[in-house]
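Asker: Residue numbers (this note's numbering): 641 to 898. We put the beta carbon where it would ideally sit given N, CA and C, even for glycine.
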Amino acid sequence: MNYSNILLEKQEPVALIRLNRPKVHNALNNALMSELSECLAALDADDTVRAIVITGNEKAFAAGADIAEMRSLDFSQAYREEFITANWEQVTRCRTPVIAAVAGVALGGGCELAMMCDLLIAAESARFGQPEVKLGILPGAGGSQRLTRAVGKAKAMDLCLTGRMMGAEEAERCGLVSRVVADEQLVEEALAVAREIAGYSAMATMINKEAVNQAFETTLQAGIDYERRLLWASFTTEDRQEGMGAFLEKRAPAWKHR
Ligand code: HXC
641 MNYSNILLEK QEPVALIRLN RPKVHNALNN ALMSELSECL AALDADDTVR AIVITGNEKA
701 FAAGADIAEM RSLDFSQAYR EEFITANWEQ VTRCRTPVIA AVAGVALGGG CELAMMCDLL
761 IAAESARFGQ PEVKLGILPG AGGSQRLTRA VGKAKAMDLC LTGRMMGAEE AERCGLVSRV
821 VADEQLVEEA LAVAREIAGY SAMATMINKE AVNQAFETTL QAGIDYERRL LWASFTTEDR
881 QEGMGAFLEK RAPAWKHR
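Structure below.
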């Protein structure tokens, strides 16, 4: 498949997707999001890919939804086309672990896209924000919800009501990002984390991801019960036999990903 708004590099067992509309700071138009969605679905179905990195360029991860494209949208069109739901939800449906590697701005939909990923690694230059208030709107791809769950009400209100940007250090301090690295190292570090994840059993990484995500959907006790059932289920996998056997026999595991 040929894409014109993203660049895909497969380096089995990982894949790197670069958002690629540099002239508009990777503004996320429909065409880009359709390609990203299609690409993620294909990678998710590809057994040779066990972790995915999404990045932008050194100036921008993405400056948000494409304002020029959004400008003419009215309610009935947005309603009929289920504006953004159709194209964006694949990111959260992807069962393969996805890492956002952010340098420069991640604003509005760009910040929301990064927050849909499982891990967020920031370069020192990264700046996050939900500046929709400046356009007379509010976040629409889960920003008000995911940001609040990630950083709490105080910071989320601050960012959404003032539209200000938050730097990488502040973002790490308040729990939005997993790690901050030097700009020159960003993609390599993200790929190294992806390779580390890809080196484990795909079954194990998928159920870990599922369990952590469940924490956002349930009460504590229901989440703990969910986790326990997944643990019991994991006892039936071939990779669980292999992982424990390899540890006890002091050898490297040979995962079957089943
Ligand atoms: C369309 C955009 C854009 C965007 C930048 N551009 N962001 N086009 N949609 N989100 C375009 C500019 O119009 C300009 O085009 C070119 O990219 C370069 O941008 P400049 O503003 O000249 O660059 P700079 O001065 O470096 O400022 C960078 C910036 C600023 C801080 C990122 O562009 C900015 O504030 N952008 C808007 C950020 C924003 O409001 N995001 C939220 C969008 S709403 P020309 O043709 O002049 O070269 C949103 C809602 C989500 O995301 C709802 C659900 C998904």
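1) Could you work out which residue in 894, 868, 686, 890 is closest to residue 880 when comparing CA atoms only?
2) Residue 639: beta carbon under 7 Å from a heavy atom of the ligand HXC?
3) Quick check on residue 657: does DSSP put it in helix, strand or coil?
4) Considering Cα atoms alone, identify which of 780, 681, 883 is closest to residue 839.
5) By how many angstroms is the C-alpha of residue 709 removed from the C-alpha of residue 718?
6) Quick one: using the 10 Å Cβ neighbour count with 16 as the cut-off for buried, is residue 809 buried or exposed?
7) Cβ atoms of residue 873 and residue 863: under 8 Å apart, would you say?
8) Taking the alpha carbon of residue 752 as the point to measure from, which residue in 711, 875, 704, 735 has its own alpha carbon closest?
9) Might you give, ordered along the chain, the residues of its own chain that have their beta carbon closer than 6 Å to the beta carbon of residue 773, omitting 5 neighbours on each side?
10) Note the first and the last residue of the continuous beta strand (DSSP E) segment covering residue 768.
11) Pull up the DSSP beta-bridge partners for residue 694, would you.
12) From the DSSP output, in three-state form, read off residue 805 for me.
13) Cβ-heavy atom distance between residue 676 and the ligand HXC below 7 Å?
14) Can you tell me where the alpha helix (DSSP H) holding residue 849 begins and where it ends?
15) Which residues in the same chain as residue 812 place their Cβ atom closer than 6 Å to its Cβ, once the five residues preceding and following it in sequence are excluded?
16) Going by Cα to Cα distance, which pick from 681, 868, 896, 668 is closest to residue 731?
17) So what does DSSP say about residue 650, is it helix, strand or coil?
18) Give me the DSSP bridge partner(s) of residue 724.
19) Could you tell me the distance, in whole angstroms, from the CA atom of residue 675 to the CA atom of residue 889?
20) Indicate the three-state DSSP secondary structure (helix, strand or coil) for residue 875 in the structure shown.
21) Over the uninterrupted beta strand (DSSP E) stretch that includes residue 819, give me the two end residues.
Answerer: In this structure, then:
1) Nearest to residue 880 by C-alpha distance, out of 894, 868, 686, 890, is 894.
2) Since the first residue shown for the chain is 641 and the last is 898, residue 639 is missing from the structure and cannot be characterised.
3) Secondary structure at residue 657: strand, using DSSP grouped into helix, strand and coil.
4) Considering only alpha carbons, the answer is 883.
5) Cα to Cα, residue 718 sits roughly 12 Å from residue 709.
6) By the 10 Å Cβ count, residue 809 comes out exposed.
7) The answer is no: Cβ separation not under 8 Å.
8) Among 711, 875, 704, 735, the Cα nearest to that of residue 752 is on 704.
9) Leaving aside the five residues that flank residue 773 on each side, the residues in its chain whose CB is nearer than 6 Å to its CB run, in chain order, 803.
10) It spans 767-769 - the beta strand (DSSP E) in which residue 768 sits, taken as one unbroken run.
11) Answer is 657, 740, bridged to residue 694.
12) In the three-state reduction of the DSSP assignment, residue 805 falls in the coil class.
13) Checking every heavy atom of the ligand HXC against the Cβ of residue 676, none is found closer than 7 Å.
14) Looking at the DSSP string, the run of the alpha helix (DSSP H) that includes residue 849 is 842-854.
15) Around residue 812: 820.
16) Closest by alpha carbon: 681.
17) Residue 650: strand per DSSP, three-state reduction.
18) According to DSSP, which records beta bridges pairwise, residue 724 is partnered with nothing at all.
19) Near 45 Å, if we compare the C-alpha coordinates of residue 889 and residue 675.
20) Residue 875: coil per DSSP, three-state reduction.
21) Run containing residue 819: 819-821, per the beta strand (DSSP E) assignment.
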